Every structure is written in structure tokens, then in C-alpha cells.
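For the sequence shown, the residue numbers in the numbering used here are 1483 to 1627.
Cβ coordinates follow ideal geometry from the N, Cα and C atoms, glycine included.
Here the structure is a predicted model, which means the values were calculated and not measured.
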Amino acid sequence: LYSPEYLLDPWLIAKNHAQIGMNNGLSVDFSGQIASESVLGGRMINGIGGQPETHIGALYSKGGRAITLLYSTALDGAVSRIVPKLESGELVTMPHFWADTVVTEYGVADLLGKNHRERAEALIAIAHPHFRHELRRSLSDAVIS
1483 LYSPEYLLDP WLIAKNHAQI GMNNGLSVDF SGQIASESVL GGRMINGIGG
1533 QPETHIGALY SKGGRAITLL YSTALDGAVS RIVPKLESGE LVTMPHFWAD
1583 TVVTEYGVAD LLGKNHRERA EALIAIAHPH FRHELRRSLS DAVIS
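As C-alpha cells, this is what we get:
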């Protein structure tokens, strides 16, 4: 058996050609910050696991992708998991500058190389349809370029 230090070494992961890192997310904000550990102001749901290592390793892999999978809503559809900004107390598992691809049941948002507004628009497009108008309004109210 290999040690976690070996298995989760981003530089070893990156040596794999076209490595795909797939991890869960609990919420994503307009900038691309990914919260995978806590929700609703800091309520802990998951541990960090090897998400940062596999995510970064996949991004550094030639032809690799780092994909974050999440449901578009939580609490039986009462709240969107795509939000203008993470709530105070939510832990950022992957900062915005590592954001690559986010997938919900409504589609795929490619965030890599996009500015803040383009990221927000891509994320709104894969949000639950019930929340898209409200999210668009939040984007137009914000000063985002």
C-alpha cells in the first residue's frame, strides 16, 4: 500500500497525461470559490480529503481538467448552491484562482481563463432555473467586471 503522502502528491498526479480530477462541491460563488467542507455559515459537512491535491494535480497535468460536481440546490430545492458570494464562515476549499470546470445537473461551466463577470454568467447558466433570475439580479446589482 502507498502512503497518503505519495498518493496525494500533486506533482506525481500531474505526471499522468490528461488527468481528470473529479471532486464534490457544496457551493460555488460567482468568483469560482468552491466550498466543499461547510455550508450555511460554517456548518461542517465533509473533511477536506484529498481534494486540493487531486484538483491541482489535474490542472498541472498536460491536457488535464479539474472538475467540481455539485447539485444545483440544497435543502430540498429551497436554496441555490451557486451563490453570489459564500456565506461568512463557509470554508473555501478551492480558491477562485484554481477554478476550472463546475458541473450541475443543468450543465457545465468552464471557468478557466474567464474574468469574474464571465464566471458568474457561466455559473448562472448551470444554476437551477428557479434561481437564475435572482442570481442575474444579484450580478447586475454587483460591481463586477
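Bridge partners of residue i, per DSSP?
{"i": "Ala1548", "result": "Gly1503"}
{"i": "Ser1520", "result": "Met1526"}
{"i": "Ile1564", "result": "Val1510"}
{"i": "Val1574", "result": "Per DSSP, none; premise fails for Val1574."}
Alpha carbon to alpha carbon, what distance is there between residue j and residue i?
{"i": "Ser1570", "j": "Arg1525", "result": "11 Å"}
{"i": "Ala1540", "j": "Leu1489", "result": "13 Å"}
{"i": "Gly1531", "j": "Glu1572", "result": "17 Å"}
{"i": "Ser1620", "j": "Ala1517", "result": "20 Å"}
{"i": "Pro1534", "j": "Ala1604", "result": "23 Å"}
{"i": "Asp1558", "j": "Leu1483", "result": "40 Å"}
{"i": "Ser1622", "j": "Leu1552", "result": "24 Å"}
{"i": "Ala1556", "j": "Val1574", "result": "18 Å"}
{"i": "Gly1529", "j": "Arg1618", "result": "32 Å"}
{"i": "His1615", "j": "Ser1485", "result": "47 Å"}
{"i": "Arg1599", "j": "Pro1577", "result": "16 Å"}
{"i": "Lys1567", "j": "Gly1523", "result": "11 Å"}
For residue i, count neighbouring C-beta atoms within 10 Å of its own C-beta (all shown protein chains included) and say buried if the count is 16 or more, exposed if not.
{"i": "Arg1563", "result": "buried"}
{"i": "Glu1520", "result": "The sequence shown places Ser at residue 1520, rather than the Glu named in the question. It counts as buried."}
{"i": "Asn1597", "result": "exposed"}
{"i": "Gly1503", "result": "buried"}
Compute the distance between the beta-carbons of residue i and residue j, then report whether it is under 8 Å.
{"i": "Thr1586", "j": "Leu1593", "result": "no"}
{"i": "His1658", "j": "Ser1543", "result": "Residue 1658 is absent from the model: the chain starts at 1483 and stops at 1627."}
{"i": "His1610", "j": "Tyr1588", "result": "yes"}
{"i": "Thr1536", "j": "Ile1495", "result": "yes"}
Since residue i contacts residue j with CB under 8 Å, what's their CB separation in whole angstroms?
{"i": "Ile1538", "j": "Leu1508", "result": "Rounded, the Cβ-Cβ distance is 19 Å, inconsistent with contact."}
{"i": "Gly1514", "j": "Ala1607", "result": "14 Å between Cβ atoms; not a contact."}
{"i": "Val1565", "j": "Asp1511", "result": "5 Å"}
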